[in-house]
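For my numbering, count along the sequence shown from 1 and bump the result up by 621.
Shown next, in structure tokens, is the structure this report addresses.
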Amino acid sequence: MNTKLWKQLLPLAVSGAILLYLFRHIDIRMCFNAMLTANVSLYIPSLIALILITFLLDTQNLAETLKHFHYPLSWKNAFTLRGVTYLIMTIDYSVGMGVLIYYLKNHLGIPVMRSTGLMTFFNGITQKALVYMAIIG
Numbered sequence: 622m623n624t625k626l627w628k629q630l631l632p633l634a635v636s637g638a639i640l641l642y643l644f645r646h647i648d649i650r651m652c653f654n655a656m657l658t659a660n661v662s663l664y665i666p667s668l669i670a671l672i673l674i675t676f677l678l679d680t681q682n683l684a685e686t687l688k689h690f691h692y693p694l695s696w697k698n699a700f701t702l703r704g705v706t707y708l709i710m711t712i713d714y715s716v717g718m719g720v721l722i723y724y725l726k727n728h729l730g731i732p733v734m735r736s737t738g739l740m741t742f743f744n745g746i747t748q749k750a751l752v753y754m755a756i757i758g
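Structure below.
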């Protein structure tokens with residue numbers, strides 16, 4: 622079998638096997654009942670608040686990280702930049718990071734290698750914050 626075709630089919634086969642396993646071991650009626658009896662009036666506002674708070678903290682994190690390395694970016698510009706990249710990152714995370722690097726190069730004059738390092742540092746801070754939040758619960 623062609624190696625390229627194999628690399629394309631293997632992830633689909635693994636995903637299909639996982640879904641098959643889940644649907645065989647989870648009672649779908651219980652899942653639907655749980656969704657129907659969930660307190661959506663509490664869940665949706667809580668979810669929106671959590672997403673908004675995370676977005677605002679991430680924006681502040683970006684602005685402060687760049688300021689720490691002597692590349693000042695106003696909070697307003699960081700807010701706009703994170704808004705655009707959040708939308709792009711839902712499609713492809715690496716493309717979203719690429720957009721951030723492109724912006725840093727063209728608007729702040731930061732060389733590509735340095736901005737890549739900055740985004741790696743920024744990503745590390747974000748991952749560490751996620752670990753702390755997971756530990757807290």
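The beta-carbon is built from N, C-alpha and C at its ideal position, and this holds for glycine as well.
On a predicted model such as this, the values are computed, not experimentally measured, just so you know.
- Counting other Cβ atoms within 10 Å of its Cβ, residue 671 stays below 16 and is therefore classed as exposed.
- In this structure, DSSP gives residue 676 a helical state, which the three-state scheme calls helix.
- Just so you know, the alpha carbons of residue 719 and residue 651 end up roughly 42 angstroms apart.
- Under the 10 Å beta carbon count, residue 643 is surrounded by fewer than 16 other beta carbons and is classified as exposed.
- Counting only runs of 3+ residues, no beta strand (DSSP E) is found wholly inside the stretch 628–704.
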